Amino acid sequence: MLVVLTLGGTYLYKYLFNEATKKTIPTNSHNTTRKTNKVVRINTTMDTTNKVYTQINDYLESVNFNGTITIMQEGELKLNKGYGMKNFDTLQPNDANTMYLIGSSQKFLTGLMLKQLAIAKQINMEASLTQYIPWFQTIYPLNSNDLMLHQSGLFKYQPSEHVTSIQEATQAIQRRGINPKLYKKPQYNDGNYIVLAHLIEVITHQSYEQAFKQMIMQPNDLKFTAFYNDHNLAHNMAIGYKQVNQKPVKQQPRFLNQYYGAGNLFMAPYDMAQLILNLQHNKIFSAVETLPFIKESMTSRYPKAYRFGYYSFPDKNRINGGFYGQVFTVYFNDRYIIVMGTNYEQPHLTNESMLKHIFKHYLKQENHNYNKTGKTY
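Anchor point for the sequence shown: position 149 equals 149 in the UniProt record's numbering, and the numbering is continuous, going up by one each time.
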């Protein structure tokens, strides 16, 4: 049933599950995917035996959240549900299968690939970048760590209609060069991870897309993860909107072919949660590598909270990205994995502010002692 609410002349679309849909929400469900005529689907799930998840659901409905949330508690799926509209024009609702453009959250996945190559000694993060890409000459020397930590000083990437590949994007970045005032200083720049994506291509001798499928998608069984131009899963991809004058305005993505490694991937929140769970369970790296990777900060090994596309804070790890009206945010620690994707960017109620409220108010994680700054693991 679809209800159109009028509030002060503003049209808000809110999808309400009918009784038949409610029956598909299992309690304490562990089997999260099903096959219908060989098509894999992710089940809508809510643990109705734990009132906190009912309260979270009520909160998201009360603020007209437009997106999908996945929450795992100590590895068990507790909430996996869509809200609002995937497409406001056709009134298609979001559900557990909706895939969102994850923007800069893709840097975390590029970071996982880079870390795998470093562990396998296929790349030395401290070696000169020209050792791998000889033509990437700059006025000051750069290594992979400079790019990974956003301290390269490279001028910010400017997409162009004339660029058709990661290599061409990397060449454009090299031509613009380094801003001497920002060399070895923090400046967030998509261009850093675009160059790292091309570096992965050079090292693996295959496209970034092929390397990603081989290193991330296939080993972790990610069924609802795809690049922007994957027609097989296009029907699950949300349309992005921004709120303008209290109404959703459709966004028109451009230049996504230039953002491999930095922002052209679609994911369902469940897929990201499952990937992080695998990381925590040492299925991507060994335990010796995983523990410091997700927990250390301000140490000689990980001198900053930011590393490999995400942050490590005392109470959680954080991943976040936004692109063309879609925002994808992740908090995780040793108790919870929370992933929220939205395709309706609003200035006064952000995706992360809702997630933060859930994390602190409902899950009581504000003062959780997860990591100790400066401690080695």
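All C-beta atoms in this analysis are idealised placements derived from N, C-alpha and C, irrespective of residue type, glycine included.
As the structure is a computational prediction, the values presented were derived from the model and not from experiment.
Inter-stretch contact (C-beta, 8 Å, three-pair minimum) for the region 338 to 358 and the region 267 to 274
yes
Residue 73 - partner residues in DSSP beta bridges: 76 and 336
- Query: With C-beta atoms as the reference, is residue 178 less than 8 Å away from residue 132?
  - Reply: no
TODO: Compute the Euclidean distance between the alpha carbons of residue 254 and residue 59, then round it to the nearest angstrom.
DONE: 34 Å
Going by the DSSP bridge assignment, what does residue 68 pair with across the sheet? 82 and 341
Quiz item: Quick one: is residue 232 buried, meaning 16 or more other Cβ sit within 10 Å of its Cβ, or exposed?
Solution: exposed
message = My assumption, with CB atoms under 8 Å, is that residue 239 sits in contact with residue 250. Please give the rounded CB distance.
response = 6 Å
* Report yes if the CB atom of residue 316 is closer than 8 Å to the CB atom of residue 333, and no otherwise. => yes
| said: With the cut-off set at 8 Å, would you say residue 106 and residue 261 are in Cβ contact? | reply: yes
According to the neighbour-count rule (16 or more other Cβ atoms, all chains shown, within 10 Å of its Cβ), is residue 93 buried or exposed?
-> buried
Practice problem: Measure how close the beta-carbons of residue 53 and residue 67 come, nearest whole angstrom, since I'm counting them as under 8 Å. | Solution: The pair is not a contact, with the Cβ atoms about 17 Å apart (cut-off 8 Å).
Using only alpha-carbon positions, find the residue among 201, 49, 143 and 111 that is nearest to residue 290. 111
Margin query: On the criterion of 16 or more Cβ atoms from any shown chain inside 10 Å, does residue 288 qualify as buried, or is it exposed?
Written below: exposed
List, from N- to C-terminal side, the alpha helix (DSSP H) runs of 4 residues or more that fit wholly inside the region 280 to 306. 287 to 295
Whole alpha helix (DSSP H) runs in the region 125 to 158 with 4 or more residues, listed along the chain? 144 to 148
Exercise for review: Can you tell me which of the three DSSP states residue 328 falls into?
Suggested key: strand
* Continuous alpha helix (DSSP H) stretch holding residue 362: start and end -> Here residue 362 belongs to no alpha helix (DSSP H), and DSSP marks it neither H nor E.
* Helix, strand or coil: how does DSSP classify residue 102 here? -> coil
Since residue 212 is in the alpha helix (DSSP H), which residue starts that stretch and which ends it? 208 to 212
Which ranges does the alpha helix (DSSP H) cover as unbroken runs of at least 4 residues, wholly within the region 249 to 284, from first to last along the chain? 269 to 280
Quiz item: Hey, out of 89, 119, 117 and 75, whose CA is closest to residue 281's CA?
Solution: 75
Backbone secondary structure at residue 317 - three-state DSSP | strand
In chain order, what residues of the same chain lie with their CB nearer than 7 Å to the CB of residue 278, ignoring the 5 residues before and after it?
220 and 284
* For residue 221, name the three-state secondary structure that DSSP assigns. => coil
Query raised in the report: With DSSP run on the structure shown, which of helix, strand or coil describes residue 160?
Result: coil
Quiz prompt | Cross-strand partners of residue 57 (DSSP beta bridge) | solution = DSSP, once it has assigned bridges, lists no residue as partnering residue 57.
Item to check | Bridge partner(s) assigned by DSSP for residue 323 | outcome: 326
Exercise. Does the beta-carbon distance from residue 104 to residue 321 come in below 8 Å?
Worked result: yes
Do you know offhand how far residue 215's Cα is from residue 225's? 13 Å
- prompt: What's the gap between the Cα of residue 378 and the Cα of residue 360?
  reply: Because the chain in this structure spans residues 1 to 377, residue 378 falls outside the shown range and cannot be described.
(request) Rounded to whole angstroms, what's the CA-CA distance from residue 256 to residue 62? Just pull it up for me. (result) 34 Å
Report buried or exposed for residue 150, applying the criterion of at least 16 other Cβ atoms within 10 angstroms of its Cβ.
buried
Q | DSSP state of residue 118 mapped onto helix, strand, coil | A | helix
Write down the C-beta distance between residue 223 and residue 40 rounded to the nearest angstrom, noting that I regard them as a contact closer than 8 Å.
5 Å
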